[in-house]
Amino acid sequence: MHILVVEDEKKTATFIRKALQAEGFAVDVLHRGDEVLPFVLGTTFDAIVLDIMLPGRDGLSVLRQLRSSEISTPVLLLSARGEVDERVEGLNAGADDYLPKPFVLSELIARVRALGRRSSAHMPVELRVGNLALNTLAREATREAARIELTSREYLLLEFLMRSVGRICSRSAILEQVWGYTFDPGTNLVDVYIARLREKIDSGFKPKLLHSVRGVGYVMKVEE
Ligand code: CA
Numbered sequence: 002m003h004i005l006v007v008e009d010e011k012k013t014a015t016f017i018r019k020a021l022q023a024e025g026f027a028v029d030v031l032h033r034g035d036e037v038l039p040f041v042l043g044t045t046f047d048a049i050v051l052d053i054m055l056p057g058r059d060g061l062s063v064l065r066q067l068r069s070s071e072i073s074t075p076v077l078l079l080s081a082r083g084e085v086d087e088r089v090e091g092l093n094a095g096a097d098d099y100l101p102k103p104f105v106l107s108e109l110i111a112r113v114r115a116l117g118r119r120s121s122a123h124m125p126v127e128l129r130v131g132n133l134a135l136n137t138l139a140r141e142a143t144r145e146a147a148r149i150e151l152t153s154r155e156y157l158l159l160e161f162l163m164r165s166v167g168r169i170c171s172r173s174a175i176l177e178q179v180w181g182y183t184f185d186p187g188t189n190l191v192d193v194y195i196a197r198l199r200e201k202i203d204s205g206f207k208p209k210l211l212h213s214v215r216g217v218g219y220v221m222k223v224e225e
């Protein structure tokens, strides 16, 4: 099994790496959150051990970024704080397991082993809202059997909206999830992409699925 460990405390990272290697795992280590996505796009891992407090990009944000990029590698979150809120937030963001620090190494190893055994098939392959379908493996959208061509950014936007079906997505949440921006670039980027996406998925179809919520953001839903 090939494991990625993301931990900024070098001593802890080394400790974890050595323990996993002693179990026969191949281990890569990163120390910054913003290095994770580019690294994972180039290599397939069986599991990721992800610390929450990281420089560059925190673990929860990394996790959301991975999931919105359709990377379903099982993730074990590590946190120095064992608060319930953070655990719930982590699981909501797509973590598969959670281990508060300090932990016993044998427990970490057992949990990593369990995650590595899981198939990557636990993420839904097809998302549906009304008669709009999105295949997240093939990255193909279809509506009433008509294939809809999407650019990669439009795909990420549509997937985020469909995964959030019924929930309002704010512009800032969209900027973070789809573009990785944690700041407002001060442009109408989101609105431009929403307009393009709406033209592709809603124009000529009924019912309308992509709705604006004035002053708040956007929501995918089947209008009653
Ligand atoms: Ca840390």
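First residue of the sequence shown: 2, per this note's numbering; consecutive thereafter.
Backbone N, C-alpha and C fix where the C-beta goes; we use that ideal spot for every residue, glycine too.
Is residue i near residue j, with beta carbons less than 7 Å apart?
i	j	result
L77	R33	no
T137	E71	yes
K222	G181	no
A23	H3	no
L198	L159	yes
F206	V179	no
M163	L106	no
A139	L151	no
Can you tell me the Cα-Cα spacing of residue i and residue j, whole angstroms?
i	j	result
A20	E177	35 Å
V126	S69	13 Å
E87	A174	19 Å
E108	E10	19 Å
I17	R114	13 Å
S73	I110	20 Å
A196	K12	49 Å
E36	V217	31 Å
N189	R118	44 Å
E200	G25	52 Å
E224	L31	45 Å
L92	G187	32 Å
C170	S204	21 Å
Grab me the residues of residue i's own chain with a C-beta within less than 6 Å of its C-beta, minus the 5 sequence neighbours each way, in chain order.
i	result
D97	P75, V76, L116
E8	A14, D52
Would you grab the beta carbon distance between residue i and residue j for me? Rounded to a whole angstrom, and I think it's under 8 Å.
i	j	result
V101	S80	In the sequence under discussion, the amino acid at residue 101 is Pro, which differs from the Val named in the question. Right, the Cβ-Cβ distance comes to about 6 Å (below 8 Å), so this counts as a contact.
A94	L61	5 Å
R154	Y219	With a Cβ gap of about 15 Å, R154 and Y219 do not count as contacting.
L67	L38	7 Å
V191	R215	That pair is no contact at about 14 Å.
Short of 8 Å in beta carbon distance, which residues of its chain neighbour residue i, apart from the five on each side in sequence? Order them along the chain.
i	result
D29	H3, I4, L5, V6, F40, T44, F46
I202	L133, A142, R144, I149, L159, L210, L211
Among residues of its own chain, excluding the 5 on either side of residue i, which ones have a beta-carbon nearer than 7 Å to its beta-carbon?
i	result
E90	L61
T183	E177
If contact is defined by three or more beta carbon pairs under 8 Å, each pair taking one atom from either stretch, is the segment 142-161 in contact with the segment 52-63? no
Counting Cβ pairs closer than 8 Å, one from the segment 208-220 and one from the segment 126-133, do we hit at least three? yes
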